[in-house]
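Each protein sequence line maps, in turn, to chains R and Y. Counting from 1, position 92 in the first sequence corresponds to residue 92 in this note's numbering; the numbering is continuous, with no gaps. Throughout, this note's numbering is defined as the position within the second sequence, counted from one, plus 115. Glycine included, each C-beta is placed from N, C-alpha and C at the ideal position. Treat the numbers as computed from the prediction; the structure is a model and nothing was measured. Accompanying notes for the structure given below.
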Amino acid sequence: EPEVTQTPSHQVTQMGQEVILRCVPISNHLYFYWYRQILGQKVEFLVSFYNNEISEKSEIFDDQFSVERPDGSNFTLKIRSTKLEDSAMYFCASSEWKGRTGELFFGEGSRLTVL
Amino acid sequence: QKEVEQNSGPLSVPEGAIASLNCTYSDRVSQSFFWYRQYSGKSPELIMSIYSNGDKEDGRFTAQLNKASQYVSLLIRDSQPSDSATYLCAVNMDGNNRLAFGKGNQVVVIP
């Protein structure tokens, strides 16, 4: 069964360092997302991406964050100058459809620990 | 602030019983509703989607939607120990697949 894959599964970094989280969405999906979940809290939307551009972003997704699809398969989330509060599980998701019938398929997540 | 609320505490049910989970949402124009299952330390897994008022059944799962009351529920029949997980209610508030999640309800099925 097709699945969304994410690397790394766990990354530990020092505060102020840059981190890149990588995702390979399901191959025929057109819409890509990043969500995050701080330990014990809700899953929160960060950004959606379609046709090589951001289609929507939340208030969490400030200038510290960026996304890119550098080739035909990878979808990356870059966090510049990480902060302690960026420690969370970051989930990539993809969907085939937009809007009413859209259903998201999540990757297994990348756990980011900022020290 | 558009919200999705799941207010019940952990739910313990004996194996074979029905587990009932509830969710309310604040945005009256919401059109798409989802239930995800999340095992501890794992990613959310889609188990049900519902778009119209009424009931939708898929195996042992039944989702119920009442848009007038802004209420969506999930029933798990014949609960199994493998159903022990946190169940997340998610609502597509604006048609762009920006899902708003509730905080989840933990279900523990006791053998």
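Thinking just about the alpha-carbon of each residue, which of the options is nearest to the one in residue i?
i, options, result
"isoleucine 225 of chain Y", "Y:Cys204, Y:Ala200, Y:Gly219 and Y:Phe216", "Y:Ala200"
"phenylalanine 45 of chain R", "R:Asn51, R:Asn52, R:Phe105 and R:Trp34", "R:Trp34"
"valine 24 of chain R", "R:Leu115, R:Ser110 and R:Val114", "R:Ser110"
"arginine 175 of chain Y", "Y:Gln185, Y:Leu161 and Y:Arg192", "Y:Arg192"
"tyrosine 89 of chain R", "R:Ile38, R:Val12, R:Tyr50 and R:Thr82", "Checking the displayed sequence, the identity of residue 89 of chain R turns out to be methionine instead of tyrosine. Nearest option by C-alpha distance: R:Ile38."
"aspartate 71 of chain R", "R:Asn52, R:Asp62 and R:Glu59", "R:Asn52"
"arginine 143 of chain Y", "Y:Gln153, Y:Tyr154 and Y:Ser184", "Y:Ser184"
"cysteine 138 of chain Y", "Y:Asp209, Y:Cys204 and Y:Arg213", "Y:Cys204"
Can you tell me the Cα-Cα spacing of residue i and residue j, whole angstroms?
i, j, result
"cysteine 92 of chain R", "asparagine 28 of chain R", "15 Å"
"tyrosine 140 of chain Y", "tyrosine 202 of chain Y", "15 Å"
"aspartate 173 of chain Y", "serine 81 of chain R", "45 Å"
"glutamate 56 of chain R", "leucine 21 of chain R", "19 Å"
"leucine 136 of chain Y", "serine 123 of chain Y", "8 Å"
"asparagine 168 of chain Y", "leucine 180 of chain Y", "5 Å"
"valine 67 of chain R", "glutamate 103 of chain R", "21 Å"
"lysine 171 of chain Y", "aspartate 86 of chain R", "38 Å"
"glycine 156 of chain Y", "lysine 182 of chain Y", "32 Å"
"glycine 16 of chain R", "serine 95 of chain R", "32 Å"
"leucine 115 of chain R", "isoleucine 133 of chain Y", "44 Å"
"glutamate 120 of chain Y", "valine 19 of chain R", "33 Å"
"tyrosine 151 of chain Y", "glycine 217 of chain Y", "10 Å"
"isoleucine 60 of chain R", "glutamine 41 of chain R", "15 Å"
"alanine 178 of chain Y", "glutamine 14 of chain R", "44 Å"
"methionine 208 of chain Y", "tryptophan 97 of chain R", "16 Å"
"phenylalanine 105 of chain R", "arginine 213 of chain Y", "13 Å"
"leucine 77 of chain R", "lysine 83 of chain R", "15 Å"
"arginine 69 of chain R", "tyrosine 31 of chain R", "11 Å"
"serine 73 of chain R", "valine 4 of chain R", "11 Å"
Using a threshold of 8 Å, state whether the C-beta atoms of residue i and residue j are closer than that.
i, j, result
"valine 223 of chain Y", "proline 129 of chain Y", "no"
"valine 206 of chain Y", "serine 145 of chain Y", "yes"
"phenylalanine 49 of chain R", "phenylalanine 75 of chain R", "yes"
"proline 2 of chain R", "isoleucine 26 of chain R", "yes"
"glycine 107 of chain R", "serine 197 of chain Y", "no"
"glutamine 11 of chain R", "leucine 112 of chain R", "yes"
"serine 194 of chain Y", "glycine 131 of chain Y", "yes"
"leucine 161 of chain Y", "phenylalanine 148 of chain Y", "no"
"valine 43 of chain R", "isoleucine 54 of chain R", "no"
Under 7 Å: does the beta carbon of residue i sit that close to some heavy atom of the ligand MN?
i, result
"leucine 104 of chain R", "As for the ligand MN, it is missing from this structure, which has no ligand bound."
Per DSSP, which one or two residues make a beta bridge with residue i?
i, result
"threonine 82 of chain R", "DSSP lists no partner for threonine 82 of chain R."
"isoleucine 191 of chain Y", "Y:Ala134 and Y:Phe176"
"leucine 126 of chain Y", "Y:Val222"
"leucine 37 of chain R", "First, the amino acid is wrong: residue 37 of chain R is glutamine here, not leucine. For glutamine 37 of chain R, which the question treats as bridged, DSSP gives the partners R:Val43 and R:Met89."
"glycine 169 of chain Y", "Y:Leu180"
Against chain Y: residues of the region 101–115 of chain R by CB proximity under 8 Å
Here the close residues are Thr101, Gly102, Glu103, Leu104, Phe105, Phe106, Gly107, Glu108 and Gly109.
Closer than 9 Å, Cβ to any Cβ of chain R: which residues of the region 142–158 of chain Y, in chain order?
Cβ contacts with chain R come from Gln146, Ser147, Phe149, Tyr151, Gln153, Gly156, Lys157 and Ser158.
Below 8 Å between beta carbons is the criterion; list the residues of the region 159–171 of chain Y that meet it against any residue of chain R, in chain order.
Using a CB distance below 8 Å, the part of the region 159–171 of chain Y facing chain R consists of Pro159, Glu160, Leu161, Ser164 and Tyr166, ordered along the chain.
Any C-beta of chain Y within less than 7 Å: which residues of the region 46–58 of chain R qualify?
Listed in sequence order: Ser48, Ser55 and Glu56.
What residues in the region 175–195 of chain Y have a beta carbon less than 7 Å from any beta carbon of chain R?
Listed in sequence order: no entries.
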